[in-house]
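Numbering (our numbering), first residue to last: -9 to 193. Glycine residues also receive a C-beta, built at the ideal position from the N, C-alpha and C atoms. All figures in this text were calculated on a predicted structure; none of them were measured in a lab.
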Ligand SMILES: [Fe+2]
């Protein structure tokens, strides 16, 4: 068995290549390449999970991997029980890939003096970026995608905005407001929570 370790960035390239819509795949791969430096630098959070350099890449790779795996499992189970899913593998890949993309602009480096002091004491080494104006993370995700020629569907936007499941501002539980949390949102939210809680505490 090969022992070669593939970077999270490259692992994401492999998973983006699974997108069946060739035009969408090209746009996603182009955006991925253009954002490479940011993807490999920033953390996924500054206190909760994946708070190390490159934590963003590790987290998003895990969410994509878990999302694709869960989709394949429930899709084959659905075929067995004649239940057709109302979302596709392309939906899963794109939403898992972009669900946190606003975070590439959300943080800033601490001043060098603070960095040394905080690194020594194990505290955070990044802070929230100055001048953050947007209260709605999903709106920023939609904007970033649009700037890269990627127009999310209503279902994909719904899944991005509910990817924290019961912790969303407008959704106290996945079961509240019947019908407002779709299967796609539940799948992406589960993958996000699993990545953050199972893999997000240790590098
Ligand atoms: Fe996330």
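Pick from the options: whose alpha carbon is nearest that of residue i?
i	options	result
residue 91	29, 191, 68 and 177	29
residue 153	129, 41, 182 and 135	182
residue 85	145, 188 and 7	145
residue 61	76, 120 and 101	76
residue 18	136, 48, 66 and 55	136
residue 87	52, 95, 74 and 64	52
residue 126	15, 140 and 96	96
residue 74	54, 15, 83 and 64	64
residue 140	81, 151, 187 and 189	81
residue 187	49, 11 and 43	49
residue 15	83, 131, 47 and 101	83
Can you round the beta-carbon distance between residue i and residue j to whole angstroms, since I take them to be within the 8 Å contact cut?
i	j	result
residue 177	residue 57	6 Å
residue 194	residue 155	Because the chain here runs from -9 to 193, residue 194 falls outside it and cannot be looked at.
residue 8	residue 123	With a Cβ gap of about 35 Å, residue 8 and residue 123 do not count as contacting.
residue 175	residue 149	4 Å
residue 116	residue 98	7 Å
residue 191	residue 89	In fact, because the Cβ distance is near 20 Å, the residues do not count as touching under 8 Å.
Since residue i sits in a beta bridge, which residues does DSSP pair it with?
i	result
residue 97	118
Three-pair Cβ contact test at 8 Å for the region 66 to 75 versus the region -9 to 11: no
The region 33 to 44 contacting the region 7 to 24, beta-carbon criterion three pairs below 8 Å: no
Alpha helix (DSSP H) runs wholly inside the region 2 to 84, at least 4 long, in chain order: 12 to 24, 26 to 29 and 45 to 70
Start-end ranges of the beta strand (DSSP E) lying completely within the region 168 to 193, minimum 3 residues: You should have found no qualifying run.
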